[in-house]
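Residue numbers (the numbering used here): 9 to 163. A virtual CB, placed ideally from N, CA and C, is assigned to each residue, including glycine. Structure record follows, encoded as structure tokens.
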Amino acid sequence: MKRILFILILACSLAGVVLAEELAANFSLPALDGKKVTLNDFLGKKPVIVTFFASWSDPCKKALKGLQEIQISHEATVKIIAVSYDKKAKELKEFLAAADLPFAVVSDKKLSTADDYKILVLPTTYCINRDGKIDKVLVDYDANVKNSIIEWLNR
């Protein structure tokens, strides 16, 4: 019964999520150094993974760790952009100093990009192909998410 209830809640919560095969919405957001990171700058060159996270979320921390491992092992074949929900730059800076992530982290303080992507659950990760189409939408994080991303990259 709990499983059915969980699936029903999950299905309802995903009703507004941007779906696979849609074109990814472009965004241009500031990194902590003030430089803008723009999705369209990377499309056409290699696949892009965009993940939405918050530094205070344990599942997000696990997702970022998994993406860190993917970025290191697939550096030449993928670009990763992490979009932060954090409102306070100080907290995000402290988190990033400890996490030492090898990919771009940008701030979406107004949550406009999160709205464009219809984010309902953190973390949510989008696998975007070179043509800008969303191939996969992965909600929450577990070992299956990491394996799914690696499988997608190796196809």
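- Every unbroken stretch of the alpha helix (DSSP H) spanning 4 or more residues and falling wholly within the segment 68-118 is given here in chain order: 97-107.
- A residue is called buried once 16 or more other Cβ atoms fall within 10 Å of its Cβ, and Ala71 is buried on that count.
- It is roughly 32 Å from the alpha-carbon of Asp66 to the alpha-carbon of Asp139.
- For Gln76, same chain residues with a beta-carbon under 7 Å away, outside a window of 5 residues either side, are Leu109, Pro110 in chain order.
- About 7 Å separates the beta carbon of Leu119 from that of Tyr93, a gap short enough to meet the 8 Å contact definition.
- Boundaries of the alpha helix (DSSP H) around Leu161: 151-161.
- Going by DSSP, Asp124 is part of the alpha helix (DSSP H) stretching over 120-124.
- With a beta-carbon spacing of about 15 Å, Leu31 and Thr121 fall beyond the 8 Å limit used to define contacts.
- Collapsing the DSSP output to three states places Asp143 in a strand.
- Following the DSSP letters along the chain, one finds Ser36 inside the beta strand (DSSP E) bounded by residues 36-38.
- Sixteen is the threshold: since fewer than 16 other Cβ atoms of the shown chains lie within 10 Å of the Cβ of Val129, the residue is exposed.
- Counting only residues of its own chain and dropping the five nearest sequence neighbours on each side, Asp124 has a CB closer than 6 Å to the CB of Ala33.
- Around Phe103, the same chain offers Ser63 as residues with beta carbons nearer than 7 Å, after the five sequence neighbours per side are excluded.
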